[in-house]
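Down below is the structure, laid out as structure tokens.
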Amino acid sequence: MLQKESNDGERRFNREEEEEDDDDADGRGHDAWERTYADERSWESLQEDESGLLRPIDNKSLYHAQYRRRLRTTTAARIQKGLIRYLYIMIDLSRAAGEMDYKPSRMVVVARQVEAFIREFFDQNPLSQIGIVTLKDGVAHSLTDLGGSPESHIKVLMGKLTSSGDASLQNGLDLVQSLLNQIPTYGHREVLILYSALSTCDPGDIMETIQKCKASKVRCSVIGLSAEVYICKHLCQETGGSYSVALDESHLKELVFEHAPPPPAIAEFAVANLIKMGFPQRAAEGVISICSCHKEAKVGGGYTCPRCKARICDLPTECQICGLTLVSSPHLARSYHHLFPITPFDDVSPSVLSDPRHLPKNCFGCQQSLLNPGNMPASCVSCPKCKQYFCLDCDIYIHESLHNCPGCESFRHSKSVSTAGG
Amino acid sequence: MPLFRFAVVPQVPSGLSLFPPLSLRRRRRFADVRNDVSLLMVLIDTNPFFWNSVKSTLPFSKFLSHVLAFLNAIVLLNQLNQVVVIATGYNSCDYIFDSSTSEGQTQRAEYLLQKLEEFVNKDESLCREDSVDGPGFSLLSGSLSMALCYIQRVFRSGPLHPHPRASYITGGVYLKPQLLDGLFQYLSTVFATDLHSRGFLQLPKPAGVDFRASCFCHKNTIDMGYICSVCLSIFCKHQKKCSTCGSVFGQAPVHDSSTPDRKRKTPMDA
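Okay, structure coming up:
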């Protein structure tokens, strides 16, 4: 009797093991023919139309609607923005970052998004600096110092992708807070935490650390990869940052990229100040000199510090010799669009669309036809200032990359109106 | 003042469907042709004030004949090359030629000249409403914005995407012709080559680019100055208050906090 029971137990145990094996097979090893369906989820890109037929989802209008929402939040009013940012990206490389719910693993996906983010960040904030901190084995480690060169950050990060141990939010915040305390008062201090773990393993009271961050005006934002964690939410609420949890890779990308444009500035956070800056000239090609950053002799290229005449390879930077902040005028110019965003374009009402006499045939920007196949008018937008019509693709390109309305720029009258208004 | 501005943006578009399946050898030869395909956007400055000032050295009609010969040469180099011309006027900008449209396929020169004439007349008619105050600037930013929109459209429809680094540093060539009579020769030797071939050529290198800014207060060009941390306005002297955004600067000027040696007197401060 007893024997039988134990046998049963064993069998049950065995069965459980088998089931676990099956689960594993479902999770990782798909057969080749299954993989295309399981990974790409091709059925999700289909929708039913009015007559019940299947057709691909109209991504274009969906994408455009998303962009309009983004535009509304960024250009709602002329808000002061923190243009000179000192941002630390804190990456959780604890055991949880090795999880494979994101493919191939959380940390690889995070690193990929951080790489894209760093490039985008410097494109939008040419006067700002980034540093990277990693959380691993219960300690925080400063991977790169604050700097303005995207390539050097990305190179170091890609070489350090291993996960182990626990994550300590407190150690990370302590480190970042002490590093950010050294930056000039006019800079905006920010931390972006990409947190995989569901817990934090701290040596002391994290609440004190959060208060310390709040006191030194560090804006902390967290993007979670697994689930909402109270302490992260509390941290963001206290320091004025934003907290969000990613659903999948594309959502993660969206959330990370929300941190690329400069956030609204809180007046007390950074003291208004005059910063002394130099505008170095690009040296003529063919001139040989030793650069102060790499200590190497270089032929041509590079810039010369206007104060101490040292040679520098890249802008923007701080002169190694005299400490002057060096920028180029295009860097400044590229930041101005955050202060004077171009007005959002209006949707063209269907009544105008139905009257072909009012509607030009082509998009003013790219000359693409504004008529769908079959001569039906496609949806388009128009600039409220110059009254030119644009296709939806140009609308996004103009507001997100170009920051110039081709219509307003190419008519003298509308130009004078817009400059008087601005 | 630069005389001619050419934004030359090479591109590798074009559909595979243009070619029916051929024997392998022939296909490879065509593939080579396809790889060298370029999209050339030409922005012509038609500012009448400028052309009036240089009419003794290079009349506009002669300039046009140089440009037309150049455009023909581009199309001749590769049948798939695409040429788009945008006129940059004094009051407006517009597309005047696109070799990919059906009108652009035949009688290119006639079509281009006709459109250009229409454009110049329209540009002039816009001028009358406004009192003209001397030779003004041309609307280059407008035509360049249009050109970028067009290039973006080509990138969108094509199988290729712009290289992120390529858009950061455009790698273009700036050239001010010494002898205006030889304009066609400058154009054909410097700007007719595609992106790939340019790597092998000794093209004119920029002799130092001026990255200095001009201050908002006196419009002086400066190589050192003070920047408002809130609105990035540029001033040549220290101010108490920003005249653009009204911020009051709390402290003494942030004299580069990281200066290692304060005692050293710098030549610019002296």
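Taken in sequence, the protein lines are chains W and L. Just so you know, the first sequence maps onto residues -10 to 411 in this note's numbering. Just so you know, the second sequence maps onto residues 28 to 297 in this note's numbering. For each residue, glycine too, the CB sits at the ideal point set by N, CA and C. These figures come from a predicted structure and were not determined experimentally.
I believe TYR91/W touches GLU238/W by the beta-carbon criterion, under 8 angstroms. Please report the beta-carbon distance rounded to the nearest angstrom.
At roughly 6 angstroms, the Cβ-Cβ gap stays under 8 angstroms, so TYR91/W and GLU238/W are in contact.
How long is the line joining the alpha carbons of ASP72/L and ALA85/W, rounded to whole angstroms?
Approximately 60 angstroms between the Cα atoms of the pair.
Going by Cα to Cα distance, which pick from LYS265/W, LEU169/W, GLN309/W is closest to LYS284/W?
If we check each option's Cα against that of LYS284/W, GLN309/W comes out closest.
Contacts around LYS98/W, its chain only, beta-carbon distance under 6 angstroms, and the 5 residues preceding and following it disregarded
Going by the sequence as given, residue 98/W is Val instead of Lys. Excluding sequence neighbours, VAL98/W sits near TYR91, GLU238.
Any C-beta of chain W sitting closer than 7 angstroms to the C-beta of CYS242/L?
No - not a single Cβ of chain W is within 7 angstroms of the one on CYS242/L.
In chain W, what lies closer than 7 angstroms to MET173/L by C-beta?
Residues of chain W passing the Cβ test: GLY354, PRO395, SER399.
Where do the ends of the alpha helix (DSSP H) carrying GLU145/L lie?
Its alpha helix (DSSP H) spans residues 135 to 154.
So which residues on chain L does CYS383/W lean against when the C-beta distance must stay under 7 angstroms?
Contacts between CYS383/W and chain L, judged by CB atoms closer than 7 angstroms, involve CYS176 in chain order.
Which residues in the same chain as GLU104/W place their Cβ atom closer than 6 angstroms to its Cβ, once the five residues preceding and following it in sequence are excluded?
In the same chain as GLU104/W, and ignoring 5 residues on each side of it, the C-beta atoms closer than 6 angstroms to its own belong to ILE143, in chain order.
May I ask which residues mark the beginning and end of the alpha helix (DSSP H) holding ARG183/L?
Counted as a single uninterrupted DSSP element, the alpha helix (DSSP H) harbouring ARG183/L occupies residues 167 to 184.
Reduced DSSP category for ALA129/W - H, G, I as helix; E, B as strand; rest coil:
When DSSP states are grouped into helix, strand and coil, ALA129/W belongs to the strand group.
Terminal residues of the beta strand (DSSP E) in which MET251/L lies
Counting along the chain, the beta strand (DSSP E) containing MET251/L begins and ends at 251 to 255.
So that I know if they touch, is there some Cβ in chain L lying closer than 7 angstroms to that of ALA261/W?
At least one CB atom of chain L sits nearer than 7 angstroms to the CB of ALA261/W.
At the 7 angstroms Cβ level, is VAL257/L part of the contact set with chain W, yes or no?
Closer than 7 angstroms to some Cβ of chain W, the Cβ of VAL257/L qualifies, so yes.
Provide the residue span of the beta strand (DSSP E) that contains MET68/L, from first to last.
In the DSSP assignment, MET68/L falls within the unbroken beta strand (DSSP E) covering 66 to 72.
Runs of alpha helix (DSSP H) wholly within the region 196 to 250 of chain L (minimum 4 residues, chain order)
Taking only runs of at least 4 residues, the alpha helix (DSSP H) segments lying wholly in the region 196 to 250 of chain L are 210 to 213, 222 to 225.
Neighbour-count burial assignment, THR151/W, 16 or more Cβ in a 10 Å radius:
With fewer than 16 other Cβ atoms within 10 Å, it is exposed.
For VAL276/W, which residues from the same chain have a beta carbon less than 8 angstroms from its beta carbon, with the 5 sequence-adjacent residues on both sides left out?
Residues of the same chain with a CB within less than 8 angstroms of the CB of VAL276/W, apart from the 5 flanking positions on each side, are VAL288, GLY289 in chain order.
Within the chosen definition, does the region 75 to 82 of chain W reach the region 259 to 271 of chain L through at least 3 CB pairs nearer than 8 angstroms?
Two segments are said to touch when three or more pairs of C-beta atoms, one from each, lie closer than 8 angstroms; by this definition the region 75 to 82 of chain W does not touch the region 259 to 271 of chain L.
Can you check whether the C-beta of ALA409/W is within less than 7 angstroms of a C-beta belonging to chain L?
Below a pLDDT of 50, predicted positions are generally treated as unreliable, and ALA409/W, at 37, falls in that range; the measurement from the model is reported next regardless. Among the residues facing chain L, ALA409/W is not included, as its CB has no counterpart in that chain under 7 angstroms away.
For CYS120/L, name the three-state secondary structure that DSSP assigns.
Strand.
Extract the residue ranges of the beta strand (DSSP E) inside the region 216 to 246 of chain W, only unbroken runs of 3 or more that lie entirely within it.
With a minimum length of 3 residues, the continuous beta strand (DSSP E) runs that stay inside the region 216 to 246 of chain W are 232 to 234.
Are the CB atoms of GLY169/L and CYS120/L nearer to each other than 7 angstroms?
Taking 7 angstroms as the Cβ cut-off, GLY169/L and CYS120/L qualify as a contacting pair.
Can you pull the chain L residues whose beta carbon is under 9 angstroms from the beta carbon of GLY267/W, in chain order?
Near GLY267/W (Cβ distances below 9 angstroms), the residues of chain L are ASP250, MET251, GLY252, MET295.
Paired residues, beta bridge with LEU315/W - DSSP
Answer by DSSP bridge pairing, in chain order: GLY267/W, THR306/W.
Does the CB of SER152/L have a neighbour CB from chain W at under 7 angstroms?
Answer no: the Cβ-Cβ gap between SER152/L and chain W never drops below 7 angstroms.
Own chain, CB closer than 6 angstroms to LEU207/L, minus 5 neighbours either side, in chain order
For LEU207/L, where only same-chain residues beyond five positions count, the Cβ hits under 6 angstroms are THR84, LEU85.
Does GLU179/W pass the burial test, meaning 16 or more other C-beta atoms within 10 Å, or should it be called exposed?
Only buried fits GLU179/W, as 16 or more other CB atoms lie within 10 angstroms of its CB.
Residue burial classification, HIS388/W (beta-carbon count within 10 angstroms, cutoff 16):
It counts as buried.
Is the Cβ of CYS263/L closer than 7 angstroms to any Cβ of chain W?
Chain W contact via Cβ: absent.
Taking just the CA atoms, how far does SER210/W sit from GLN377/W?
Rounded to the nearest angstrom, the two C-alpha atoms are 40 angstroms apart.
If you draw a straight line from the alpha carbon of ILE178/L to that of LYS265/W, how long is it in whole angstroms?
C-alpha of ILE178/L to C-alpha of LYS265/W: approximately 38 angstroms in a straight line.
Complete alpha helix (DSSP H) runs within the region 138 to 163 of chain W (minimum length 4 residues, chain order):
Fully enclosed alpha helix (DSSP H) runs of 4 or longer: 139 to 147.
What distance in whole Å lies between the Cβ atoms of LEU169/W and TYR232/W, which are believed to be in contact at a cut-off of 8 angstroms?
Not quite, the Cβ-Cβ distance comes to about 19 angstroms (not below 8 angstroms), so this is no contact.
Would you call the region 126 to 133 of chain W and the region 153 to 166 of chain W touching, i.e. three or more CB-CB distances under 8 angstroms?
Judged by Cβ distances under 8 angstroms, the region 126 to 133 of chain W makes contact with the region 153 to 166 of chain W, as three or more pairs qualify.
Starting from PHE379/W, follow its DSSP beta bridges and name the residues at the other end.
DSSP, once it has assigned bridges, lists VAL370/W as partnering PHE379/W.
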